[in-house]
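Data block below; observations after.
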Amino acid sequence: MKLKVTVLSVFTCVGLTAQNIQNNPGSNHGNKFEQLGTILPTPNIYRTASGSPGHGYWQNRADYNISAYLDEDKRNLKGSETITYYNNSPDDLDYIWLQLDENQGSTLNKADYATSTTLPKISTDQQLKTTDLPVKDNGYGVHLEKVTDESGTPLHYTVNKTMMRIDLPKVLKKGEKLVFKVDWNYNIPNRIKMGGRGGYENFPEDGNDLYTMTQWYPRMCVYSDFQGWQNHQFTGRGEFALVFGNFKVSMNVPADHIVGGTGECKNYDQVLTSDQLSRYRKAESANEPIEIVTLEEAKKAEKNHSKQRKTWTFEANDVRDFAWTASRKFVWDGMRVVIPENNNKVMAMSFYPKEAYALYRKLSTKAVAHTIKTYSEFTIPYPYPVAQSVEAANGMEYPMICFNYGRTEKDGTYSEGTKNGMIGVVIHEVGHNFFPMIINSDERQWSWMDEGLNTFTEYLTEEKWDNKFPSKRGPAWTIVDYMKLPKDQLEPIMSNSENIVQFGPNAYSKPATGLNILRETIMGRELFDKAYKTYAKRWAFKHPEPADFFRTMEDASGEDLDWFWRGWFYGTDPVDIAIDKVSIASADLDTVPTPKEVKYNVDKPLKNDFEDISKIRNKEDKNITFYVDKDKEAQDFYYRYDRGQEKVDNNKEYSTKTENMTALDKKDKEKFKNMTAYQIDFLNKGGLVMPIILEFTFEDGSKLYDKSSAQIWRLNEQKVSKTYYFDKKIKSIQLDPMRETADIDTSNNYWSNDGSSSGSSKFQVFKQKQQEAVRGGANGKINPMQAAGKNK
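With the UniProt record's numbering applied, the sequence shown covers 1 to 792.
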């Protein structure tokens with residue numbers, strides 16, 4: 001029963017100041033195009049100025065051997081793991097850090113990054129309950145049973161909310177490895193009610209659960225050259241920083257459960273029926289998805305809750321994490337995909353309950369295949385043997401497996417929005433195999449390097465899926481509403497994930513849009529794609545930071561993009577370029593040029609007016625002999641003139657006439673008779689500089705286009721002008737006609753020639769006389785040597 005009140009969701013807007021470092025704040029130039037040298041970290045032997053890993057680059061590694069027991073009746077997971085940790089760093093380590101992500105669901109051990117709360121306007125009976133003070137243990141979170149070394153000797157450890165520090169009995173030196181064991185268990189949360197990425201979903205109609213086992217084991221933190229231990233708490237938003245390694249994992253589950261996981265299952269012959277195994281073998285060479293577990297088999301399994309058990313065994317190499325899923329509800333299909341770039345044969349597979357059958361059976365595995373092939377074109381060839389999509393009413397990614405939504409109505413129908421949303425989320429989550437599962441950025445600190453880069457590549461992949469696909473993130477016009485927001489509701493992209501008010505636009509949409517603008521408008525597709533691929537290749541299976549991306553994109557393209565990173569990633573200014581005024585002038589072709597008379601005096605000696613301290617000291621220094629004092633041949637007229645030894649009347653006035661132009665002939669007049677000049681004045685009202693893109697429509701209906709690079713704003717970041725000459729009349733001018741710069745106000749982007757434009761002036765046109773250029777000549781003026789009648 002629900003109370004008759006209204007739920008009010010409150011978001012607190014915290015005012016944040018953009019990191020807008022200006023070296024010349026009092027000027028109208030010299031700020032937006034300042035280099036990022038003072039902001040980016042100093043290159044070193046680990047990370048070079050080119051953006052590539054340095055000759056001293058290193059990263060640590062962790063191998064896992066894990067066994068898990070899923071107790072469906074108690075909804076509890078029991079696990080035991082052996083971790084082999086390799087210290088490849090140059091540092092001695094006397095303690096290590098592990099992540100206990102499940103503690104975020106605990107009332108006692110969560111990170112508790114609180115936000116302000118207010119009185120609701122409505123609530124529900126489930127939400128309305130007495131505030132527990134003091135806070136009671138809700139029973140969730142990791143229960144550590146023992147932590148020991150390889151021989152079973154207990155290790156001292158300390159739990160700090162979602163992090164665990166283990167103190168080592170002896171220092172772990174460079175090149176050494178540490179083997180230790182952890183036994184644990186936790187109560188599996190209902191992720192539909194409690195939220196979060198992992199847990200179970202219950203289906204009341206048939207009494208079954210669907211388990212998504214994610215962040216389910218104690219995991220090693222990253223120890224890096226740029227940060228040391230990345231042990232920032234897990235609050236539920238900022239995701240993960242993880243270490244590469246090899247995994248061997250066994251999952252003991254009810255015998256009628258179907259299991260999918262990171263990597264390859266090593267014992268299908270023991271856990272599948274003969275029919276299912278036969279279908280799997282066929283799917284390994286199929287070009288269309290084949291049902292390995294059929295819909296009929298899944299419906300039958302839903303009705304029988306087996307008390308028997310089976311153990312599934314998986315192995316995965318060179319991965320940073322391991323996730324798995326289990327349910328007796330699963331339909332399972334698969335097909336083979338060949339990646340052309342490396343000829344890798346990949347099993348693309350999908351797991352889904354009957355509630356999603358009509359959509360997932362038709363589209364999921366094909367979307368998986370399309371994604372890994374398209375991402376391989378734009379980044380690196382997909383290197384793993386498996387790629388899987390699991391329908392689980394949410395969206396989250398892990399190596400080789402991801403969880404996505406997309407259920408139909410009970411009659412099997414679905415809306416177009418559900419279909420497109422399902423395709424989009426499958427592409428997005430499968431795409432995360434590349435960012436950050438392979439190109440392994442620190443998601444907890446820099447969400448945009450994970451979500452932003454992936455959302456951009458998702459957009460490229462959606463476009464290659466269907467040219468009419470309604471992408472919500474990537475096109476420049478889709479970010480405009482966010483860019484319009486007041487500054488106190490915005491943060492730079494270069495912000496920690498926990499400090500962002502509007503996480504989706506900031507971490508996903510704005511970086512994706514920025515990269516699309518770089519590709520389509522600033523760099524061009526060929527140059528951008530090569531640089532983007534270079535970044536992916538350089539940092540595959542490594543830990544890149546923002547500077548590595550920025551520097552690589554410039555290094556591989558030859559484009560100076562510091563102005564773009566500064567404005568789009570470090571600032572919050574929007575794009576709002578306006579056509580302020582258009583001035584028109586016609587050509588005056590009949591005027592005869594009048595020679596210009598110039599009056600002047602002969603130049604005075606060019607010696608310095610003031611004897612500076614260096615000249616005085618050099619003259620007094622007896623050890624210095626000046627060259628012209630030694631070499632008499634170097635003492636010319638001007639040597640004497642500067643010393644007053646040559647007399648010239650500097651007061652005498654001379655005159656000369658310039659005749660470097662003449663009137664146009666008949667042929668030229670015919671050529672220029674329709675010429676009109678248009679000066680267009682632009683204002684940078686938003687603050688963020690961008691290329692100026694113009695569409696000219698002429699009175700005869702024809703069109704011309706022009707684009708000036710963003711560099712046009714270098715010498716004046718507030719206003720610029722550009723003049724064009726056309727031999728036909730302009731009817732209208734449209735700024736940014738394809739809406740490719742994310743301009744927030746298009747009402748000032750248009751000009752129409754209705755006769756009210758500024759100016760009806762004329763500009764004179766003459767024919768240039770061909771003159772002999774004299775390097776260093778005086779342009780017809782009398783010089784002092786001539787005035788004195790001397791020639792030496």
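For each residue, glycine too, the CB sits at the ideal point set by N, CA and C.
- Inter-residue distance for Leu133 and Lys121 is about 23 Å (C-alpha atoms, whole angstroms).
- For Leu40, the three-state secondary structure derived from DSSP is coil.
- The straight-line gap separating the alpha-carbon atoms of Met690 and Val575 is approximately 7 Å.
- With a cut-off of 8 Å on Cβ pairs, the stretch 209 to 223 is not in contact with the stretch 36 to 43, counting fewer than three such pairs.
- In its chain, beyond the 5 residues on either side, Phe435 have a beta carbon closer than 6 Å to the beta carbon of Leu453.
- Residue pairing by DSSP places Val386 opposite Met347 in a beta bridge.
- Counting along the chain, Pro593 sits inside no beta strand (DSSP E), nor does DSSP assign it H or E at all.
- In the same chain as Gln635, and ignoring 5 residues on each side of it, the C-beta atoms closer than 8 Å to its own belong to Val628, in chain order.
- DSSP places Glu145 in the uninterrupted beta strand (DSSP E) bounded by 143 to 149.
- CA-CA distance, Ala788 to Phe637, rounds to 10 Å.
- Note that the C-beta distance between Leu210 and Ala348 is not below 9 Å.
- Each residue's CA atom was taken as its position, placing Lys729 and Phe469 some 39 Å apart.
- Segment contact: the stretch 315 to 324 against the stretch 287 to 304, fewer than three CB-CB distances shorter than 8 Å; contact not assigned.
- In this structure, Asp573 lies near Leu688, with their beta-carbon atoms less than 9 Å apart.
- CA-to-CA, the gap between Met213 and Arg328 works out to about 15 Å.
- Burial check for His543: the Cβ neighbour count within 10 Å reaches 16 or more, so the residue is buried.
- Nearest Cα to Thr313 within the set Phe330, Phe247, Phe403: Phe247.
- Contact annotation: the stretch 734 to 751 touches the stretch 467 to 486, with at least three C-beta pairs closer than 8 Å.
- Leaving aside the five residues that flank Arg197 on each side, the residues in its chain whose CB is nearer than 6 Å to its CB run, in chain order, Thr214, Met396.
- In this structure the stretch 436 to 447 lies against the stretch 491 to 509, because at least three pairs of beta carbons, one per stretch, are closer than 8 Å.
- In the displayed model, Leu683 falls within a strand according to three-state DSSP.
- The DSSP-derived three-state label of Leu515 is helix.
- Relative to Pro593, the option among His305, Gln388, Gln764, Lys174 whose CA is nearest is Gln764.
- Annotation for Ser274: the continuous alpha helix (DSSP H) segment containing it runs 274 to 283.
- Within the stretch 596 to 675, the complete alpha helix (DSSP H) segments of 4 residues or longer fall at 613 to 620, 627 to 630, 637 to 642, 666 to 672, listed in chain order.
- Taking Ser752 as reference, the option from Val159, Ser583, Gly199, Ile372 with the minimal CA-CA separation is Ser583.
- In terms of Cβ geometry, Trp324 and Val249 form a close pair [threshold 9 Å].
- Within the model, the alpha-carbon separation for Ala536 versus Ser50 is close to 14 Å.
- Short of 8 Å from the beta carbon of Tyr46, and not among the five residues preceding or following it, lie these beta carbons of its own chain, in chain order: Pro53, Gly54, Gly56, Tyr57, Trp58, Asp225, Phe226.
- The beta carbon of Ile680 lies closer than 7 Å to those of Ile579, Val582, Ser721, Lys722, Ile733 in the same chain, with the five residues before and after it left out.
- Note that the stretch 559 to 574 does not touch the stretch 655 to 672; fewer than 3 beta-carbon pairs, one per stretch, sit closer than 8 Å.
- The Cβ atoms of Trp448 and Asn516 do not sit closer than 9 Å to each other.
- Of all C-beta pairs linking the stretch 158 to 166 to the stretch 97 to 112, three or more are shorter than 8 Å, placing the two stretches in contact.
- In this structure, Asn87 and Glu176 form a Cβ contact; the two beta carbons are roughly 6 Å apart against a cut-off of 8 Å.
- Contact between the stretch 200 to 209 and the stretch 279 to 293 is absent: fewer than 3 CB-CB pairs across the two stretches fall below 8 Å.
- Burial state of Gln308 is exposed, judged by a 10 Å Cβ sphere holding fewer than 16 other Cβ atoms.
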